[in-house]
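**Student:** Protein chains in written order, with our numbering: chain A, 448 to 779; chain B, 61 to 451. The structure follows.
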Amino acid sequence: MLAYFVRRLFVMIPTLLAISAIVFFIIQLPPGDYLSNQIAELRAQGEAASMAQIEHLRAQYHLDKTPVERYFIWLFGLLRGDLGWSFEYDLPVNVVIGDRLILSFVVGFATVIFTYAVAFPIGIYSATRQYSWGDYGLTFLGFLGLATPSFLLALVMLYLANIWFGTAIGGLMDPEFVDKPMSWAKFLSVLEHLWIPVVVIGTSGTAAMIRRLRANLLDELQKQYVVTARAKGLPPGRALFKYPLRMALNPFIADIGDLLPQLISGAAIVSVVMSLPTNGPMLLAALRSQDMFLAGSFLMIEAVLIVLGVFLSDVALAALDPRIRLHGGAGK
Amino acid sequence: MTDTRANESDKLPHYVRREKFDPYDGEKLDPKLERYYMATQWRLMWWKLKRHKLALWSGVLLVFMYVSILFSEMIAPYGVGTRNIDHIYAPPQRVHLFHEGKFVGPFVYGFDYKLDLDTLKREYTPDPAKVQPLRFFCKGDSWEWMGLVPGSWHFVCAAEGGTFFLLGTDRLGRDMFSRLAYGTRISLTIGLIGVMVKFVLGIVLGGLAGYYGGWVDMVIQRMIEIIRSFPELPLWMALSAALPVSWSPIYIYFGITLILGLIGWTGLGRAVRSKLLALREEDFCTAATLMGASPKRVIFRHLVPSFMSHLIASATLAIPTMILGETALSFLGLGLRPPITSWGVLLTEAQNINVVALYPWLLLPVVPVIVTVLAFNFLGDGLRDAADPYK
């Protein structure tokens, strides 16, 4: 187990390096940079005096160096925990994104819990009562969840929540709590707002997970050991939970690798629509204004989170299923 | 027990069958079974798919939709950019058949327009006095078919001097139904072209990894892993933001398709690889190699046909992702841009909560999105079940 753990940990290093190179490449892709846009603006206003200042800034942010040099400067900055400078906010990226990351975590974590809490019982129900009306209905709902663009669902739910419950539109808390210290009332307000994005973001992931759990469990339920258990007179509940469910759960854990990117993608667009103070809207704004270190940091952090998530799911899987340890494979 | 045979006679009577000897006599099949056994793989798949009613009807619907994009200009009663400045944010008009108990044929009631001076909301009410029968196969707004062939012929148009907004109008008074018809062309093809990019990349890279194994496999596997570590949408967003603003809309269209395809091939690549790994060890493959077949021949002559059906099924399941992806990107303003019209571009109009409250018909472009995605999912599921007809 320890050997597997260490090996798996080392595999992550080249992956993360490659990811950082790709992120850097992407943020360099757009022609020009934030400063050259600024210069063009200054020129248009006829302000030549601050050109010296611009040149100074250019040198300060290493924009005069070659891309390769800049990559290494950026990479070593990352390793020291320095994410660079946000031109748009004129602050270090760390300061800009701190709060947002925490809220993103809150939303993401709540969504994972929601996904599991909903997918688990429904998946079991669908598999044990295959082809019943309940199964058909839930399967259809799941398909609908997969097919509806999440941003639209978000809009409609915001509207309904506003009409039915009087929830203030947009944001993650009522306006009067913004910038206030944490309190019980603020916490409740966050809870009141949190459920809509969680349901919206979680819908497609939940639908996919229900389908997978159902398929896996159906496969297991047809196997001979289940028939044997039933024939021996094991109560149906135990004949379900003791072995088949545990077998069917394996892919459930392995799927975290698929679930996490899905969640982050969903969160990105949903929070733009709902103007949540999370990563999504800021990433979008940063991409639009070519605030490249900010955009790059978001991409990098999200990718690192996913790699870590997959790592954790692999380790959990290895802990649960000795077959995987013995084969020693890093993949599924 | 007595031996009766010994009592009656010592020998059995000599028996010779009159018919000609047919060595396969005992294995004759009845024609129905024979038809089944002799059928090709594709025929078997078709039979299996036919039993899957939902998949079959989804397929029919999709064929219908794809054929319709050839006639978008004629299906749309108005031009894609035609502005009816007297009818801004007009609600959908219902098609009626009977006027005051009398059969008139399909017609709509014309609008009475009033500006609510308190809320500044435009209010349109159907006026029962204005019966406007629809015209069929008529001349209307002129178009250029795919930008090439000019014409002005439509399947349906409004009455002379009347209006026909089946799905209402938007903030510029453009007919939503017409725009939807044009948007279908872009949204459906973006899925198809994108999947082709995915398909080619997936088969080539997955094929290389699966057939050669070793370090090629290692490199490609790592590549897949790295691409999959990125959340899709933010990566799409970043790449689309990198498309130059100066590009013409049509370049942007191909750029977006390429981006969607470049990131999405990994799933298909993995499927190809694992299938190849399994099939590579089969006897027929070893036999072909021993008989001196080149890798190219082994891959394309023996291996690809055996899992082509699976690939088609996975590709079908991959199209909805692309359609939803385009919708999301365009919605965020990073995808297609007007004047190109797609479902996602149409939905950008529905970006804020006012629209949901006041002009809910602007949300309607989501209906074709859902229907198409569902149809592709059902068809893909059916195909996947049918893909292995020998099971």
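Using N, Cα and C, we set each Cβ at its ideal position, and we do this for glycine too. As the structure is a computational prediction, the values presented were derived from the model and not from experiment.
Taking only three categories from DSSP, how would you classify G324 of chain B?
**Tutor:** It is helical.
**Student:** So, for A800 of chain A: in the same chain, excluding its five sequence neighbours on each side, which residues have a beta-carbon less than 6 Å away from its beta-carbon?
**Tutor:** Because chain A is modelled from 448 through 779, residue 800 of chain A falls outside the range shown and cannot be assessed.
**Student:** Would you report the Cα separation of R693 of chain A and L687 of chain A, rounded to the nearest angstrom?
**Tutor:** Cα to Cα, the separation comes out at about 9 Å.
**Student:** Compare the Cα-Cα distances from R397 of chain B to each of B:D235, B:S308 and B:R245 and report the closest residue.
**Tutor:** Ranking B:D235, B:S308 and B:R245 by Cα distance to R397 of chain B puts B:S308 first.
**Student:** Are the segment 323 to 342 of chain B and the segment 428 to 440 of chain B touching, with three or more C-beta to C-beta distances below 8 Å?
**Tutor:** The answer is no - the segment 428 to 440 of chain B does not touch the segment 323 to 342 of chain B, with fewer than three Cβ pairs under 8 Å.
**Student:** Using 8 Å as the threshold, is the segment 660 to 667 of chain A in touch with the segment 552 to 570 of chain A, meaning 3 or more CB pairs across them?
**Tutor:** A contact exists between the segment 660 to 667 of chain A and the segment 552 to 570 of chain A.
**Student:** Count the other CB atoms, across all protein chains shown, that sit within 10 Å of the CB of W403 of chain B; report buried if there are 16 or more and exposed otherwise.
**Tutor:** Buried, since its Cβ has 16 or more Cβ neighbours within 10 Å.
**Student:** Per DSSP, what kind of secondary structure is V76 of chain B in: helix, strand or coil?
**Tutor:** In the structure shown, V76 of chain B sits in coil (DSSP, three-state: anything other than H, G, I, E or B).
**Student:** Would F598 of chain A count as contacting chain B if we go by Cβ distances under 8 Å?
**Tutor:** Yes, contact with chain B.
**Student:** For a cutoff of 8 Å on Cβ pairs, would you count G276 of chain B as touching chain A?
**Tutor:** The sequence given here places Val at residue 276 of chain B; Gly does not occur at that position. No, V276 of chain B lies away from the interface with chain A (no Cβ there is under 8 Å from its Cβ).
**Student:** Where does L530 of chain A sit, in a helix, a strand or coil, going by DSSP?
**Tutor:** Residue state, collapsed to three classes: coil.
**Student:** For a minimum of 3 consecutive residues, which ranges assigned as the beta strand (DSSP E) are wholly contained in the segment 121 to 169 of chain B?
**Tutor:** Qualifying beta strand (DSSP E) stretches, in chain order: 156 to 159.
**Student:** Taking the alpha carbon of R535 of chain A as the reference point, which residue from A:S630, A:S736 and A:F556 has its own alpha carbon closest?
**Tutor:** For the record, residue 535 of chain A in the displayed sequence is Glu; it is not Arg. Checking every option, the nearest Cα to that of E535 of chain A belongs to A:S736.
**Student:** Just verifying my parser: in three-state terms, what is the DSSP assignment at F196 of chain B?
**Tutor:** F196 of chain B falls in the strand class under three-state DSSP.
**Student:** May I ask you to report which of helix, strand or coil DSSP gives E535 of chain A?
**Tutor:** Coil at E535 of chain A, not helix or strand.
**Student:** Counting only the same chain and skipping the five closest in sequence on each side, list residues whose C-beta sits under 6 Å from that of N541 of chain A.
**Tutor:** Hits under 6 Å: L530.
**Student:** For P380 of chain B, does the three-state DSSP call read helix, strand or coil?
**Tutor:** Residue state, collapsed to three classes: helix.
**Student:** Compute the distance between the beta-carbons of L389 of chain B and I316 of chain B, then report whether it is under 8 Å.
**Tutor:** For L389 of chain B and I316 of chain B, yes; Cβs fall inside 8 Å.
**Student:** Determine, using beta carbons only, whether L187 of chain B and F163 of chain B come nearer to each other than 8 Å.
**Tutor:** First, the residue type needs correcting, since residue 187 of chain B is Asp and not Leu in the sequence shown. Against a cut-off of 8 Å, the Cβ pair of F163 of chain B and D187 of chain B comes out as no contact.
**Student:** With DSSP collapsed to three states, give me the class of R95 of chain B.
**Tutor:** DSSP places R95 of chain B in helix when its eight states are reduced to three.
**Student:** Given a cut-off of 8 Å on the beta-carbon distance, is the pair A125 of chain B and H214 of chain B in contact?
**Tutor:** Going by the sequence as given, residue 125 of chain B is Met instead of Ala. In this structure, H214 of chain B does not lie closer than 8 Å to M125 of chain B by Cβ.
**Student:** With three or more beta-carbon pairs closer than 8 Å as the criterion, would you say the segment 227 to 243 of chain B touches the segment 339 to 351 of chain B?
**Tutor:** Short answer: they don't touch.
**Student:** Are L602 of chain A and V720 of chain A close, meaning C-beta to C-beta below 8 Å?
**Tutor:** Taking 8 Å as the Cβ cut-off, L602 of chain A and V720 of chain A qualify as a contacting pair.
**Student:** Identify every run of the beta strand (DSSP E) within the segment 192 to 264 of chain B, keeping only runs that are complete inside it and at least 3 residues long; order them along the chain.
**Tutor:** Qualifying beta strand (DSSP E) stretches, in chain order: 195 to 205 and 209 to 217.
**Student:** Is it right to say H503 of chain A is buried, meaning 16 or more other beta carbons lie within 10 angstroms of its own, or is it exposed?
**Tutor:** Its Cβ having fewer than 16 others within 10 Å, H503 of chain A is exposed.
**Student:** Note down, in chain order, each residue of its chain lying with its Cβ closer than 6 Å to the Cβ of L261 of chain B, except the 5 sequence neighbours on either side.
**Tutor:** So the qualifying residues of the chain are W325.
**Student:** Just checking my contact of G329 of chain B with A115 of chain B at CB under 8 Å: how many whole Å lie between their CB atoms?
**Tutor:** 25 Å between Cβ atoms; not a contact.
**Student:** Check whether the segment 579 to 587 of chain A touches the segment 698 to 706 of chain A, counting contact only when three or more Cβ pairs, one atom from each stretch, lie closer than 8 Å.
**Tutor:** No, the segment 579 to 587 of chain A does not touch the segment 698 to 706 of chain A.
**Student:** Do I648 of chain A and V708 of chain A count as a contact pair if the criterion is CB distance below 8 Å?
**Tutor:** The identity of residue 708 of chain A in the sequence shown is Pro, whereas the question assumes Val. Taking 8 Å as the Cβ cut-off, P708 of chain A and I648 of chain A do not qualify as a contacting pair.
**Student:** In chain B, which residues lie less than 8 Å from Y802 of chain A when you measure between Cβ atoms?
**Tutor:** This structure cannot settle anything about residue 802 of chain A, because the visible part of chain A is limited to 448 through 779.
**Student:** Short of 7 Å Cβ to Cβ, which residues in the segment 689 to 719 of chain A face chain B?
**Tutor:** Under the 7 Å Cβ criterion, the segment 689 to 719 of chain A contributes P708, I711, S712, A715, I716 and V719.
**Student:** Please tell me whether T62 of chain B has its Cβ less than 8 Å away from any Cβ of chain A.
**Tutor:** Note on T62 of chain B: pLDDT 48, under 50, position unreliable in the model; the coordinate value appears next. Not an interface residue.
**Student:** Within the same chain, show all residues whose beta-carbon is closer than 7 Å to that of W532 of chain A, passing over the 5 residues directly before and after it, in chain order.
**Tutor:** Cβ within range, chain order: Y508, P539, V540 and F740.
**Student:** What first and last residue would you give for the alpha helix (DSSP H) that runs through K633 of chain A?
**Tutor:** Here the alpha helix (DSSP H) through K633 of chain A covers W631 to L668.
**Student:** Which residues, taken in chain order from the segment 647 to 662 of chain A, show a beta carbon closer than 7 Å to some beta carbon of chain B?
**Tutor:** For the segment 647 to 662 of chain A, which is checked against every Cβ of chain B, not one residue is closer than 7 Å.
**Student:** Once the 5 residues before and after V415 of chain B are set aside, which same chain residues still bring their CB inside 8 Å of it?
**Tutor:** Within the same chain, V415 of chain B has close Cβ partners E409, L422 and L423.
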